[in-house]
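>
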Amino acid sequence: MKRPQLEWLTVQPSCPQAAPPVVLVHGAWHGAWCWVERALPDLAARGLTAHAISLRGHGSSSPAGLLTTICDYVQDVRTVVNTLPQPPILVGHSAGGYVVQLLLSGCCGSVPSVAGAVLLCSSPVSSPAYFLRRWRERKPMVDIRALLRRETSAVRAALFRPDIALDDLERYRRQLVSEPPLVTLTSMLIRPRPHVVQVPVLVIAAGNDAIFDLPAQQALAAAYRAELLVIPEAAHDLMLDPAWPMAGAAIARFAVTVGQAIPGG
0 MKRPQLEWLT
10 VQPSCPQAAP
20 PVVLVHGAWH
30 GAWCWVERAL
40 PDLAARGLTA
50 HAISLRGHGS
60 SSPAGLLTTI
70 CDYVQDVRTV
80 VNTLPQPPIL
90 VGHSAGGYVV
100 QLLLSGCCGS
110 VPSVAGAVLL
120 CSSPVSSPAY
130 FLRRWRERKP
140 MVDIRALLRR
150 ETSAVRAALF
160 RPDIALDDLE
170 RYRRQLVSEP
180 PLVTLTSMLI
190 RPRPHVVQVP
200 VLVIAAGNDA
210 IFDLPAQQAL
220 AAAYRAELLV
230 IPEAAHDLML
240 DPAWPMAGAA
250 IARFAVTVGQ
260 AIPGG
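For the sequence shown, numbering that gives the first Met the number 0 begins at 0 and goes up steadily by one.
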């Protein structure tokens, strides 16, 4: 089967740090575009080489097929990792964090050489269990059906701060795309295995995340024996949030620390 052509954006720092490169993996409905305004230039300014990719069916990558599963997304990231000259740090946002978890735990094939991972407002190890807990606790939930229809009010409530500029909200909303149905189904059936992950992990949570709450992020950090950083006031789409520099600084510190621990680093 022919491999999809993946959109792949790269920024190089003018003053490089001794750190692995960073690969940014977007979540559901997004694409490499979500990292362009804030994350890519910020990480480059902090001395990191940063790559942002669009998974198949997103951005300018090849279309996804009706039979596309979550493991196809994992394969997209594996292809990128295997192309790089040195093991990178993977930064997975939301469902992209789930893709990273599956890749690192070998649930969808071989595990490539990776230096570390950052789970950014990530899906928990078990999304069904998470949403069941929220339902039992009768906590307010995002209107998923309205979000899937990309209704403006639902997009703002789920992903952004209430005071986001309307022009920005509409610009982001127009770039959201639908996910193939088998991606959602297989992501519920195939679970990561945190106990087999050997690389260092950092979990970054948004204080006002309307999709994955703080207890879910605390449980995620515990599962990976990882440090948890909570960024107050930030919304789910942290890479497009005014508080992004706090996340960027944490990712840069993590990358440098990981780089120092690599033999010869």
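All C-beta atoms in this analysis are idealised placements derived from N, C-alpha and C, irrespective of residue type, glycine included.
Within a Cβ cutoff of 8 Å, which residues of the same chain sit near glycine 155, ignoring the five residues on either side of it in sequence?
Reading off the sequence, residue 155 comes out as arginine, not glycine. Correct list, in chain order: Pro161, Ile163, Leu168.
> Ordered along the chain, which non-local residues of its own chain (more than five positions away) have a Cβ less than 7 Å from that of asparagine 81?
Result list for asparagine 81: Pro111, in chain order.
> Quick check on glycine 91: does DSSP put it in helix, strand or coil?
Note: glycine 91 maps to strand in three-state DSSP.
> Rounded to whole angstroms, what is the Cα-Cα separation between leucine 287 and leucine 213?
With the chain covering only 0 through 264, there is no way to say anything about residue 287.
> Please state the DSSP three-state secondary structure of histidine 50.
In this structure, histidine 50 counts as strand in the three-state DSSP scheme.
> Can you round the beta-carbon distance between valine 98 and tyrosine 72 to whole angstroms, since I take them to be within the 8 Å contact cut?
The Cβ separation is near 5 Å, so the contact holds.
> Under a Cβ-count criterion, where at least 16 other Cβ atoms within 10 Å of its own Cβ denotes burial, should glutamate 178 be classed as buried or exposed?
Glutamate 178 should be labelled buried.
> Hey, valine 202 and leucine 219: beta-carbon distance below 7 Å or not?
It is a contact, given that the beta carbons lie within the stated cut-off.
> Where does alanine 220 sit, in a helix, a strand or coil, going by DSSP?
If DSSP states are grouped into helix, strand and coil, alanine 220 belongs with the helices.
> Taking the beta strand (DSSP E) that isoleucine 189 belongs to, which residues open and close that run?
No beta strand (DSSP E) contains isoleucine 189, which DSSP labels as neither H nor E.
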